[in-house]
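Chains as they are written, first to last, in our numbering: chain B, 3 to 249; chain F, 45 to 294. By construction, the Cβ of each residue, glycine as well, lies at the ideal position given by its N, Cα and C atoms. These numbers come from a predicted model, not from an experiment.
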Amino acid sequence: MIRDFFELVGRYAIFMKKVFQRPRKWRIFIKQCFVQADSLVLGSVPLVALISIFIGAVLVIQTANNLQNPLIPKMYVGYMTRESLALEFCSTMICLILAGKIGSNISSEIGTMRITEQIDAMEMMGVNSANYLVLPKIISATVLNPLLMLMSYCLGLIGGYLIVTMTGIIQVADYLTGLRYWFEPFYIYYSMIKTAVFSFLITSIASFYGYYANGGSLGVGRSSTKAIVVASASILIFNLVLTQLLL
Amino acid sequence: MIEVKHLSKSFSGKQVLFDINAKYEAGQCSLVIGRSGSGKTVVLKSIVGLFEPDEGEVWYDDVLFNRLGEKPKRELHRSIGMLFQGSALFDFATALENVMFPLDFFTDMSRSEKTDRAHFCLKRVGLENVDGKFPSELSGGMQKRVGIARAIALNPKYLFCDEPNSGLDPHTSVMIDKLIQEITREYNITTIVNTHDMNSVMEIGDKVVYIQEGHKLWEGSSKDILDSDCAALNEFVFSSNLARKVKNIK
Ligand SMILES: Nc1ncnc2c1ncn2[C@@H]1O[C@H](COP(=O)(O)OP(=O)(O)OP(=O)(O)O)[C@@H](O)[C@H]1O
Ligand SMILES: [Mg+2]
Numbered sequence: 003m004i005r006d007f008f009e010l011v012g013r014y015a016i017f018m019k020k021v022f023q024r025p026r027k028w029r030i031f032i033k034q035c036f037v038q039a040d041s042l043v044l045g046s047v048p049l050v051a052l053i054s055i056f057i058g059a060v061l062v063i064q065t066a067n068n069l070q071n072p073l074i075p076k077m078y079v080g081y082m083t084r085e086s087l088a089l090e091f092c093s094t095m096i097c098l099i100l101a102g103k104i105g106s107n108i109s110s111e112i113g114t115m116r117i118t119e120q121i122d123a124m125e126m127m128g129v130n131s132a133n134y135l136v137l138p139k140i141i142s143a144t145v146l147n148p149l150l151m152l153m154s155y156c157l158g159l160i161g162g163y164l165i166v167t168m169t170g171i172i173q174v175a176d177y178l179t180g181l182r183y184w185f186e187p188f189y190i191y192y193s194m195i196k197t198a199v200f201s202f203l204i205t206s207i208a209s210f211y212g213y214y215a216n217g218g219s220l221g222v223g224r225s226s227t228k229a230i231v232v233a234s235a236s237i238l239i240f241n242l243v244l245t246q247l248l249l
Numbered sequence: 045m046i047e048v049k050h051l052s053k054s055f056s057g058k059q060v061l062f063d064i065n066a067k068y069e070a071g072q073c074s075l076v077i078g079r080s081g082s083g084k085t086v087v088l089k090s091i092v093g094l095f096e097p098d099e100g101e102v103w104y105d106d107v108l109f110n111r112l113g114e115k116p117k118r119e120l121h122r123s124i125g126m127l128f129q130g131s132a133l134f135d136f137a138t139a140l141e142n143v144m145f146p147l148d149f150f151t152d153m154s155r156s157e158k159t160d161r162a163h164f165c166l167k168r169v170g171l172e173n174v175d176g177k178f179p180s181e182l183s184g185g186m187q188k189r190v191g192i193a194r195a196i197a198l199n200p201k202y203l204f205c206d207e208p209n210s211g212l213d214p215h216t217s218v219m220i221d222k223l224i225q226e227i228t229r230e231y232n233i234t235t236i237v238n239t240h241d242m243n244s245v246m247e248i249g250d251k252v253v254y255i256q257e258g259h260k261l262w263e264g265s266s267k268d269i270l271d272s273d274c275a276a277l278n279e280f281v282f283s284s285n286l287a288r289k290v291k292n293i294k
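Structural data, given as structure tokens:
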């Protein structure tokens, strides 16, 4: 069991060494980065936006219900919503959702290329297939997903604002005061760092499982399930580690 | 020239290749024939390094392939063109982009030069007007031909074709055989072709290796094949009524 684990980590490390090599042609690499940014990052915008607005609204309602005590100012609803979004929701939750979405996408795409020998064909041309296929995915997701996190943060706050204006659960002015209360910019950086690390984990782990898929279409299905489970678990572990280190 | 010495290969305990020895000369089409499941594809993939042989040596001219590190292996792969049994076209790219893929990576040609070269290769396999089509929009035989065009795009020094004419009609099949033979002679390529098509054997087989259940049982030129006294080979070659009749007439 423990040996299996270290063997897996070793294979992952070897795979990463193959991925992180100087691209043979920068022009091809940069073009691939744009293609991947489009499919992995821009493609996730609608889903992330939708979830963020709804969760922002739900957080406001839940917090307001829990702060019935008349001694606590209502502006704390806005403050706590902001902090939950910044600290945990926009990074960890969104990345767990992305682990399912882009993780399965990447591992089934690369897995299919493996079992239909497209990766072998690339290797036979002398192309480093891991570098060509995987590096652009890792780079574009790791660099751009933190921006997705910022978007999610803003939309979450907007979602909260919308529910406040629609239901009048607290005063709009209280909500807005809460949003500005005791603002700690480092929390935003912390969340962006987490998102970058999680995005790296998702793309690299999903690629790893896809790259070593075997056993036909069943194998591709198996490897994409494994990829999602392992990516989600590593997100949770790294969340703990990073929080311990950074906060 | 490619030389294989004492090649053995097994998969999870089941031995598939037993002590294969063979020498393939440049400028010749060498054919590997045998029944389905006899180990032809495994031989080919062991030669190009997609399978790690359990034992044995593979020599490309005077280079011992097995011992090469990752970088030199990649260098060598650049001089190899390979057609896979299932074509293995990239399904994110159109037919034209598939053929241009190796050109993009390994040449400094301008875009129009690359397009010209790709068109030239596609024309040689009898394909025109497929530029913008994705592999999923092509028939099996057309995919095979795009695969051949891609394999010859960089003027390889070594050419490997796994069943180049399975799934092709007799006419196109002959055309592909002729093409493989022509470019082999023209550029002095070392060509290895897996096939179970007796037409190809008689047409282009400068040298033929017969494999059965992982053992090499016979080797010779296509002219000798009809007169061989290897029982297993005769059974393979003369398995159809037509072929038996031809033999009797002879
Ligand atoms: N990746 C693999 N894992 C396990 N066994 C394999 C693998 N590839 C091939 N084999 C086994 O090796 C033997 C030879 O297979 P191979 O693909 O070389 O046959 P072939 O001669 O190419 O047949 P065909 O003409 O049908 O393509 C078969 O018994 C097959 O089960
Ligand atoms: Mg085969």
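- An exposed status is given to B/Leu73, since fewer than 16 other beta-carbon atoms sit within 10 Å of its beta-carbon.
- Near chain B, meaning a CB-to-CB distance below 8 Å, the residues of the region 136–151 of chain F are Phe145, Pro146, Asp148, Phe149 and Phe150.
- Contact between the region 164–180 of chain B and the region 56–75 of chain B is present: three or more C-beta pairs spanning the two stretches fall below 8 Å.
- Within chain F, the C-beta atoms nearer than 7 Å to that of B/Val129 come from Phe149, in chain order.
- For F/Asn238, the enclosing beta strand (DSSP E) has its first and last residue at Thr234 to Thr239.
- Contact of F/Phe178 with chain B is not assigned, every C-beta pair being separated by 8 Å or more.
- When 8 Å is used as the limit between beta carbons, F/Ala132 is near these residues of chain B: Thr118, Glu119, Gln120, Asp122 and Ala123, in chain order.
- Each of B/Val43, B/Tyr134, B/Gly221 and B/Tyr191 was checked against the Cα of B/Ile99, and the nearest Cα belongs to B/Val43.
- Within chain F, the residues Asp148 and Phe149 have their CB atoms less than 8 Å from the CB of B/Ile30, given in chain order.
- With contacts defined as CB atoms closer than 8 Å, F/Ser82 and F/Leu51 fail to qualify as a contacting pair.
- Placement of the Cβ of F/Glu257 at a distance of 7 Å or more from every heavy atom of ligand 2 is found.
- Under the Cβ distance rule, B/Lys139 does not count among the residues neighbouring chain F, no pair being separated by less than 8 Å.
- Between F/Leu61 and F/Val86, the beta carbon gap of about 6 Å places them in contact (Cβ cut-off 8 Å).
- Among the residues facing chain B, F/Val92 is included, as its CB has a counterpart in that chain under 8 Å away.
- The C-alpha of B/Phe240 lies about 57 Å from the C-alpha of F/Ser217.
- For F/Thr85, the shortest C-beta to heavy atom distance toward ligand 2 is below 7 Å.
- About 6 Å separates the beta carbons of F/Leu88 and F/Asp206, which is inside the 8 Å limit, making them a contact pair.
- Taking the Cα positions, F/Lys53 is about 16 Å away from F/Phe109.
- Here the alpha carbon of F/Lys291 sits roughly 26 Å from the alpha carbon of F/Pro208.
- Around B/Ile237, the same chain offers Thr94, Cys97, Leu98, Ala101, Phe200, Leu203 and Ile204 as residues with beta carbons nearer than 8 Å, after the five sequence neighbours per side are excluded.
- The criterion of a C-beta distance shorter than 8 Å is not satisfied by B/Tyr183 and B/Cys92.
- The beta carbon of F/Ala276 lies closer than 7 Å to those of Gln256 and Leu261 in the same chain, with the five residues before and after it left out.
- Residue environment for B/Gln23: exposed (fewer than 16 other C-beta atoms within 10 angstroms of its C-beta).
- Note on geometry: alpha-carbon atoms of F/Lys84 and B/Val21 lie some 32 Å from one another.
- Only residues of its own chain outside the window of five on either side were considered, and among them Val48 and Val253 have a CB closer than 6 Å to the CB of F/Ala66, listed in chain order.
- B/Trp184 carries a coil assignment under DSSP once its states are collapsed to helix, strand and coil.
- With a cut-off of 7 Å, the C-beta of F/Asn238 is classified as near ligand 2, since at least one heavy atom of the ligand falls inside that distance.
- Here the region 231–239 of chain F makes contact with the region 191–206 of chain F; the two share three or more CB pairs at distances below 8 Å.
- Distances from the CB of B/Glu119 to the heavy atoms of ligand 2 are all 7 Å or more.
- Checking the 7 Å criterion, the Cβ of F/Gln187 is out of range of every heavy atom belonging to ligand 1.
- A distance of 8 Å or more separates the beta carbons of B/Tyr14 and B/Ile112.
- Here the alpha carbon of B/Leu52 sits roughly 24 Å from the alpha carbon of B/Val231.
- At a cut-off of 8 Å between beta carbons, F/Glu96 makes no contact with chain B.
- The criterion of a C-beta distance shorter than 8 Å is not satisfied by F/Ile192 and F/Cys73.
- Distance from the C-beta of F/Glu207 to the nearest heavy atom of ligand 2 is below 7 Å.
- Under the 8 Å criterion on CB atoms, B/Arg26 is classed as interfacial with respect to chain F.
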